[in-house]
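S.K.: Okay, here's the structure, questions in a sec.
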Amino acid sequence: MDETKSGGLRLLVLVLTLIVSVALVFGFFGRVHPAFDAFAHFRVHLAALLFLCGIALLVLGYRLHALAAVLLSAGCVAVTVPHILDSEMDPLPSGQPVYKLLQLNAYFGNHDPKAVLSLIAREHPDIVTLEEVNDKWRVQLDLIRKAYPYKVDCQEGNASTVILSRRSMDKGHNAYCSENGGVALAQVDLNGRLIDVMAIHLPWPWPFEQAEAVESHAPLLQMLGSTAIAAGDFNAAPWSVTVREMAALGGFTRIEHFGPTWIGDHALPESFKFLGLPIDQVMTKGRIVVHSARTLEAVGSDHLPVLVEFSIAPEEGESEPQQTVLATTVSRSRTP
1 MDETKSGGLR
11 LLVLVLTLIV
21 SVALVFGFFG
31 RVHPAFDAFA
41 HFRVHLAALL
51 FLCGIALLVL
61 GYRLHALAAV
71 LLSAGCVAVT
81 VPHILDSEMD
91 PLPSGQPVYK
101 LLQLNAYFGN
111 HDPKAVLSLI
121 AREHPDIVTL
131 EEVNDKWRVQ
141 LDLIRKAYPY
151 KVDCQEGNAS
161 TVILSRRSMD
171 KGHNAYCSEN
181 GGVALAQVDL
191 NGRLIDVMAI
201 HLPWPWPFEQ
211 AEAVESHAPL
221 LQMLGSTAIA
231 AGDFNAAPWS
241 VTVREMAALG
251 GFTRIEHFGP
261 TWIGDHALPE
271 SFKFLGLPID
281 QVMTKGRIVV
291 HSARTLEAVG
301 SDHLPVLVEF
311 SIAPEEGESE
321 PQQTVLATTV
331 SRSRTP
């Protein structure tokens, strides 16, 4: 390699290292401005790229620069890994019903809706939260109406948020939809124990209106009951300010460890799914006890389904409920 090409390569690697380093650091200042939080979602990917830059710098003879790049990369991964790795969950209880919630961005461009319906039939979740439901999807969901007679559908074009339940929804509690259809809320009766269920679809990060959406949802999050579960496509990584603010506003604890959920329009091969983004979230509070949370196989969406198994801890002196399936249909309402 001649001297001119060698000098150009060195400059390119140095500039790339600087850009990636700045982007990584910006991601830690999301509370200053939403633009910085936009970098946070890609922290793991940027850290991996910076590590490769460090290796390239070492080969080119920039030892101190290489050391700095590798240390910054390792530090970013170290503070992020706890949000990704598996953590110990509560064992399955004896004598108590265990419920399932399935979260999925159904994706308005999904060309295989039967795969979604088959997944629901196989896993038989008690509650399903869906995003990006359009008229095409409503036709498909009508096929499982008998199995899931309780429904909140925010009916906002291609971006509706929907809650399906095979358990009854409280007749005295009005279902709620936000003005833009990004939030659906219902109170579900699980064998006599009422929980608030919230389905959420946040806009993309800055320069889109994600931060404004979090602010607009704050009053609703603060009004939720003491026992609740929120699930949806947050379009935000778990370590971002966006997710931490949503959790804090609702008094939620996020389920940390089911891994990447966004895999792109063309689903990544199984061995490359770690390259996806963990932007679907499930959060709980109160007496909800989570026993497992995992992603399932791709079903035609650009997001993976997330299945959560949970139970509800009894209050002091409360008798254990019997496992029942309620099948009475109630009016599926929408609050404007």
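Each step along the sequence shown adds one to the number in the numbering used here, with nothing skipped, and position 27 is 27. Glycine included, C-beta positions come from ideal geometry on N, C-alpha and C.
Is there contact between the segment 23-37 and the segment 203-210, where contact requires at least three CB pairs shorter than 8 Å?
M.R.: yes
S.K.: Name the two residues that bound the continuous beta strand (DSSP E) containing E131.
M.R.: I127 to V133
S.K.: Say whether the segment 96-103 touches the segment 217-233, bearing in mind that this needs 3 or more beta-carbon pairs closer than 8 Å, one atom from each stretch.
M.R.: yes
S.K.: Among residues of its own chain, excluding the 5 on either side of E123, which ones have a beta-carbon nearer than 8 Å to its beta-carbon?
M.R.: K100, L102, L296 and L307
S.K.: Tell me which same chain residues have a C-beta within less than 6 Å of the C-beta of T328, skipping the five on either side of it?
M.R.: Because T328 carries a pLDDT of 33, less than 50, the predicted location of this residue cannot be relied on, and the following value inherits that uncertainty. Excluding sequence neighbours, T328 sits near nothing in its chain.
S.K.: Is it the case that the Cβ atoms of R254 and Q281 are separated by a distance below 7 Å?
M.R.: The beta carbons of R254 and Q281 sit closer together than 7 Å.
S.K.: How should A293 be labelled, buried or exposed, when 16 other C-beta atoms within 10 angstroms of its C-beta is the threshold for buried?
M.R.: buried
S.K.: Which residue marks the beginning of the alpha helix (DSSP H) containing A218, and which one marks its end?
M.R.: Q210 to M223
S.K.: Classify K146 as buried or exposed, calling it buried when 16 or more other Cβ atoms lie within 10 Å of its own Cβ.
M.R.: exposed
S.K.: Can you tell me the Cβ-Cβ gap for A186 and I163, rounded? I've got them flagged as a contact below 8 Å.
M.R.: 5 Å
S.K.: Does the Cβ of I55 have 16 or more other Cβ atoms within 10 Å, making it buried, or fewer, making it exposed?
M.R.: exposed
S.K.: Give me whichever residues DSSP pairs with L190 in a beta bridge.
M.R.: Partner residues in the beta bridge of L190, as assigned by DSSP, are R193.
S.K.: Measuring only between beta-carbons, confirm whether C76 sits less than 7 Å from chain B.
M.R.: Note that chain B does not occur in the displayed structure, where there is just one protein chain.
S.K.: Please report how far the alpha carbon of E10 lies from the alpha carbon of V70, in whole angstroms.
M.R.: In the sequence as presented, Glu is not what sits at residue 10; that position holds Arg. Roughly 17 Å between the two C-alpha positions.
S.K.: Along the chain, where does the beta strand (DSSP E) that runs through M169 open and close?
M.R.: First-last for M169: undefined, no H or E at that position.
S.K.: What are the boundary residues of the beta strand (DSSP E) that L202 is part of?
M.R.: L202 -> no beta strand (DSSP E), and no H or E assigned at all.
S.K.: Nearest to F51 by CA position, among L67, L60 and Y62, is which residue?
M.R.: L67
S.K.: Can you look up H65 in the DSSP assignment and give me helix, strand or coil?
M.R.: helix
S.K.: Short of 6 Å in beta carbon distance, which residues of its chain neighbour R332, apart from the five on each side in sequence? Order them along the chain.
M.R.: Model confidence at R332 stands at a pLDDT of 38, short of 50, so the residue's coordinates are unreliable and nothing is read from them.
S.K.: Between the alpha carbons of I195 and D112, how many angstroms are there, rounded?
M.R.: 32 Å
S.K.: Exposed or buried, what is H223 when buried is set at 16 or more other beta-carbons lying within 10 Å of its beta-carbon?
M.R.: It is Met, not His, that sits at residue 223 in the sequence shown. It is exposed - the Cβ of M223 has fewer than 16 other Cβ atoms within 10 Å.
S.K.: Please classify S226 as buried or exposed, where buried requires at least 16 other C-beta atoms within 10 Å of its C-beta.
M.R.: exposed
S.K.: Tell me, please, which residues DSSP counts as bridged to V306.
M.R.: Answer by DSSP bridge pairing, in chain order: Q103 and T295.
S.K.: In whole angstroms, what separates the C-alpha of P314 from that of A121?
M.R.: Between the alpha carbons of P314 and A121 lies a distance of about 29 Å.
S.K.: Name, in chain order, the residues that DSSP records as bridge partners for W262.
M.R.: L277 and H303
S.K.: What residue range is occupied by the uninterrupted beta strand (DSSP E) comprising L164?
M.R.: S160 to S165
S.K.: Please determine, among W137, P219, T161 and V128, the residue with the shortest C-alpha to C-alpha distance to G181.
M.R.: The residue with the shortest Cα to Cα distance from G181 is T161.
S.K.: Is E256 near V98, with beta carbons less than 7 Å apart?
M.R.: Contact: no.
S.K.: To which residues of the same chain is V325 closer than 6 Å at the C-beta, ignoring the five residues directly before and after it?
M.R.: Note that V325 scores 45 on pLDDT, short of 50, meaning its location in the model is unreliable; the coordinates nonetheless yield the value given after this. Excluding positions up to five away in sequence, the list is empty.
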